[in-house]
Amino acid sequence: MLLENKVVVVTGGSRGIGRAIALASAREGADVAINYWGDNDRSYGKASAVESIVREIEALGRRAIAVEGNVAERDTGIELIARTVDAFGHVDVLSSNAGICPFHAFLDMPASVYESTVAVNLNGAFYVTQAAANQMKTQGTGGAIVATSSISALVGGGMQTHYTPTKAGVHSLMQSCAIALGPYGIRCNSVMPGTIATDLNADDLSDRDKRAYMEKRIPLGRLGEPDDVAQCVVFLASDRARYVTGASLLVDGGLFVNLQ
Ligand code: RM4
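Quick note on the working numbering: the sequence shown kicks off at 1206 and runs consecutively.
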C-alpha cells in the first residue's frame, strides 16, 4: 500500500483523470478529499459523479469527503484544505489536477475563454498549491504535491493557444515550488499526460479522423486511460519517489518523441 493512511486532496476529483487519481489513492490506502465544480454529470448512473466517487472510495474501506469550489478563486483552496484537516486531521498529498480545455481557434477567441482557462488551470494550481503547502509546513512532516501539467507544456496545439501556456506554467510552478518548499520536506512534481480519453476532449476526439490521427501518432498504439496517469501520480506522491522533486513525468504512450 503505497499511500497507507495518507490523506490525499484531489482537485477536479469527480471525473476524468482526477477521479482516477482519487480511486488509485484510495486503493493504495489513502483517505481522499475531492474538490469538484458543478455536478451535472449523470454518466455514472442515477448518482451524480460526486456521489458515486465518494461511494466507490468508501466501498474500498477508506474515507472520502467532497468539497465544491472553483479553484480559480483563491479562497476555494483555503477552504478545501481547512475542510480536509477538519475531516481527516492532516494533509499529506495534493493532486493539483483541476483543469479545462475549451478548444477554440486563436484569432477569434473571446477574452472570456482565454481568461477562464488561465484562471482555472494556472491561477487555480497556484492557489491550491499555496494552501496545501502552508498546511504541510504547519504540520512539519513534509508532503508531496503532484500537478497535472501536460504534454502540452512541451508542444503546441492550434486550437489550444490559451491552454498550452497554462500547462507550461503549471510545469514551471512545480519546478519553482520544489525549490521554495524543499526546506520543508515538501516535494513538488508534475505529470504530463498525452492524449487521454476523458470528457475534457470527448468532443474533440468525436472527430473520427482526429482520433485516428492521434492513435496513429502514439507508438503504443492507443489513447491513454485516466488510470494510466493516476498510477504515475501515486508513484510521485509515494515514498518510492522520496528523492524526486522538481521533476516531470511524461505519460503519453510515446507521443512526444514520435516524429518519424
Ligand atoms: C492535452 C493534449 C491532448 C488533449 C487534451 C485536452 O494536453 O493536448 O491531445 O486531448 O490536452
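Just so it is clear, CB atoms sit at the ideal spot from N, CA and C, and this is done for glycine as well.
Can you tell me whether residue i sits near the ligand RM4, meaning its C-beta is under 7 angstroms from at least one heavy atom of the ligand?
{"i": "Gln1335", "result": "no"}
{"i": "Leu1405", "result": "yes"}
{"i": "Gln1365", "result": "yes"}
{"i": "Thr1400", "result": "yes"}
{"i": "Ile1356", "result": "yes"}
{"i": "Lys1415", "result": "no"}
{"i": "Cys1437", "result": "no"}
{"i": "Asp1409", "result": "yes"}
{"i": "Lys1372", "result": "yes"}
{"i": "Gly1362", "result": "yes"}
{"i": "Cys1306", "result": "yes"}
Among the residues of its own chain, which have a CB less than 6 angstroms from the CB of residue i, if the five just before and after it don't count?
{"i": "Cys1306", "result": "Tyr1368, Leu1405"}
{"i": "Asp1297", "result": "Lys1211, Val1212, Gly1348"}
{"i": "Thr1366", "result": "Phe1311"}
{"i": "Asn1326", "result": "Gly1304, Thr1371"}
{"i": "Asn1466", "result": "Residue 1466 is absent from the model: the chain starts at 1206 and stops at 1465."}
{"i": "Asp1236", "result": "Val1212, Arg1267, Arg1268, Phe1293"}
For residue i and residue j, I'd like the C-alpha separation in whole angstroms.
{"i": "Arg1220", "j": "Gln1465", "result": "34 angstroms"}
{"i": "Pro1388", "j": "Asp1408", "result": "43 angstroms"}
{"i": "Leu1299", "j": "Arg1247", "result": "26 angstroms"}
{"i": "Ser1354", "j": "Asn1339", "result": "22 angstroms"}
{"i": "Ala1330", "j": "Ala1287", "result": "17 angstroms"}
{"i": "Asn1275", "j": "Arg1416", "result": "30 angstroms"}
{"i": "Ala1336", "j": "Met1419", "result": "37 angstroms"}
{"i": "Thr1500", "j": "Ile1391", "result": "There is no way to answer for residue 1500, as the model of the chain reaches only from 1206 to 1465."}
{"i": "Ser1357", "j": "Ala1254", "result": "27 angstroms"}
{"i": "Gly1374", "j": "Glu1320", "result": "14 angstroms"}
{"i": "Ala1252", "j": "Thr1346", "result": "37 angstroms"}
{"i": "Asp1414", "j": "Pro1431", "result": "22 angstroms"}
{"i": "Ala1324", "j": "Ser1453", "result": "22 angstroms"}
{"i": "Gly1361", "j": "Phe1461", "result": "11 angstroms"}
{"i": "Ser1301", "j": "Leu1441", "result": "13 angstroms"}
{"i": "Ala1467", "j": "Ser1257", "result": "No answer is possible for residue 1467: it lies beyond the span of the chain, which begins at 1206 and ends at 1465."}
Going along the chain, which residues of its own chain have a beta-carbon closer than 8 angstroms to the beta-carbon of residue i, five neighbours each way excluded?
{"i": "Val1318", "result": "Pro1307, His1309, His1367"}
{"i": "Gly1459", "result": "Ile1423, Pro1424, Leu1425"}
{"i": "Val1259", "result": "Ile1239, Ala1269, Ile1270, Ala1271"}
{"i": "Glu1284", "result": "Val1272, Gly1274"}
I believe residue i touches residue j by the beta-carbon criterion, under 8 angstroms. Please report the beta-carbon distance rounded to the nearest angstrom.
{"i": "Asn1240", "j": "Gly1217", "result": "7 angstroms"}
{"i": "Thr1400", "j": "Leu1428", "result": "5 angstroms"}
{"i": "Thr1403", "j": "Ile1222", "result": "6 angstroms"}
{"i": "Val1215", "j": "Ala1227", "result": "5 angstroms"}
{"i": "Gly1266", "j": "Tyr1332", "result": "In fact, because the Cβ distance is near 32 angstroms, the residues do not count as touching under 8 angstroms."}
Which word fits residue i, buried or exposed, when buried means at least 16 other C-beta atoms lie within 10 angstroms of its C-beta?
{"i": "Lys1372", "result": "buried"}
{"i": "Asn1463", "result": "exposed"}
{"i": "Arg1447", "result": "exposed"}
{"i": "Ser1411", "result": "exposed"}
{"i": "Ala1316", "result": "exposed"}
{"i": "Arg1224", "result": "buried"}
{"i": "Asp1291", "result": "exposed"}
{"i": "Thr1289", "result": "buried"}
Note down, in chain order, each residue of its chain lying with its Cβ closer than 7 angstroms to the Cβ of residue i, except the 5 sequence neighbours on either side.
{"i": "Cys1393", "result": "Ile1350, Met1379, Cys1382, Ala1383, Leu1386, Thr1450, Gly1451"}
{"i": "Val1456", "result": "Val1396, Met1397, Pro1398, Gly1399, Gly1429, Asp1433, Val1434, Cys1437"}
{"i": "Glu1273", "result": "Tyr1241, Trp1242"}
{"i": "Leu1207", "result": "Glu1233, Val1439, Ser1443, Arg1445"}
Counting only beta-carbon atoms, is residue i nearer than 8 angstroms to chain B?
{"i": "Ala1324", "result": "Structure shown: chain B not included; a single protein chain is present."}
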